Amino acid sequence: MKDDEKQFNREIPWDGQVLTVVPTYNESENLERLVTRLRQLPGDIHVLIVDDGSPDGTGAIADLLAAADPGVHVLHRSGKLGLGTAYKTAFAYGSQQGYPYICTMDADFSHSPESLPELLASAAAGCDLVIGSRYVPGGAVVGSPPLRQFISYTANALAHRVLGLSARDCTAGFRCYRLQVLRTVDLEAIFSSGYSFLIEMAFWVERAGFRIGEIPITFVNRTEGASKINKREIYKAMYTILRLRTHSLPWERILSFWKRHRQRS
Ligand SMILES: Nc1nc2c(ncn2[C@@H]2O[C@H](COP(=O)(O)OP(=O)(O)OP(=O)(O)O)[C@@H](O)[C@H]2O)c(=O)[nH]1
Ligand SMILES: [Mg+2]
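Counted the way the working numbering counts, the sequence shown spans residues 33 to 297.
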């Protein structure tokens, strides 16, 4: 192996192909720049855009990017079907193609593409799910309105206290999953179709006994395009936490212990 190849491999501690899922709805100002930066990262990181028939033409931009680069893939859906179901569709694709690492990030540059290798390095070092986190030491939020920060902080505090989740940032969409995680968690049984999918997924990943790690990131509020989060999604997140709580009650734990015991004997 030549010296420059050795150097290149040292920068890529993860083994095998990576798929980065980017769900989009009206992200025409952001998508091309984002994909360009992702494709410039070391290690041939593939991109899967899941577009929900964006009225602003994001889907057409995605098609052009995919036509010009075999490392860019696109799935079109018929309308705005929600962030959670976009992830589910993408995970089914990534799992079927056998990508050993499947990452997710927003299209609006709130998550810096250049932080992705750090998430991957942590997954390669043994974490099954790595979250790019605002709420671990070293993490930060820039430019987000105080009300948004309060809502995000409250949702995480509830997920932590009510569900006992260990991750500090359960609502973050900047993640890296090992393939095994997506093949183990029953994605079809996940009820949330929107933003609460992120909390529900964190819950089931931790429930399945996988190792979750967090990497501090600086979350930068979007400067282009509009947010799609609304009051309904916030109420749904609260409802999701309460609903999942029933799975954490003692009788449910006893039931699952009994089921496991019966399977073994
Ligand atoms: N395919 C698809 N993508 C979506 C949908 N809703 C949101 N997105 C995308 O999901 C990502 C996160 O959405 P944002 O609107 O940025 O939500 P957010 O980051 O929680 O909120 P802000 O901080 O206000 O930007 C972005 O890339 C959106 O384009 C949807 O229904 N379908
Ligand atoms: Mg955003």
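Every residue gets a Cβ at the ideal spot worked out from N, C-alpha and C, and that includes glycine.
Computed from a prediction, not measured in an experiment: that's the story for all the values here.
Query: Arg-215 - containing alpha helix (DSSP H), residue span; Result: 211 to 216
Query: Contained beta strand (DSSP E) runs [length at least 3] in the region 86 to 152, N- to C-terminal order; Result: 104 to 108, 133 to 136
Query: DSSP-derived helix/strand/coil call for Ser-225; Result: coil
Query: One or two residues paired with Arg-243 in a DSSP bridge; Result: Per DSSP, none; premise fails for Arg-243.
Query: Proximity test, Tyr-133 beta-carbon vs ligand 1 heavy atom, cut-off 8 Å; Result: no
Query: Cβ pair Leu-115, Gly-226 closer than 9 Å; Result: yes
Query: Contacting residues, own chain, Cβ-Cβ under 6 Å from Glu-59 (five flanking each side not counted); Result: Thr-90, Ala-139, Gly-257
Query: Alpha helix (DSSP H) runs contained entirely in the region 145 to 199, provided each spans 4 or more residues; Result: 148 to 156, 178 to 195
Query: Cβ-based neighbour list, Ser-110, same chain, cut-off 7 Å, excluding 5 preceding and 5 following; Result: Gly-85
Query: Close-in-space but distant-in-sequence residues of the same chain around Lys-38 (CB under 6 Å, 5 per side omitted); Result: Low confidence applies to Lys-38: its pLDDT is 43, below 50, so where it sits in the model is not reliable, and the reading given next is rough at best. Result list for Lys-38: empty, nothing under 6 Å.
Query: Beta-carbon proximity of Arg-69 to Glu-146, cut-off 9 Å; Result: yes
Query: Which residues DSSP lists as bridging His-78, in chain order; Result: Leu-51
Query: Selection from Tyr-271, Lys-263, Pro-248, Lys-120 that minimises the alpha carbon distance to Leu-179; Result: Lys-263
Query: Asn-188 to Ile-44 span [Cα, whole Å]; Result: 32 Å
Query: Proximity below 9 Å, CB of Tyr-119 to CB of Val-67; Result: no
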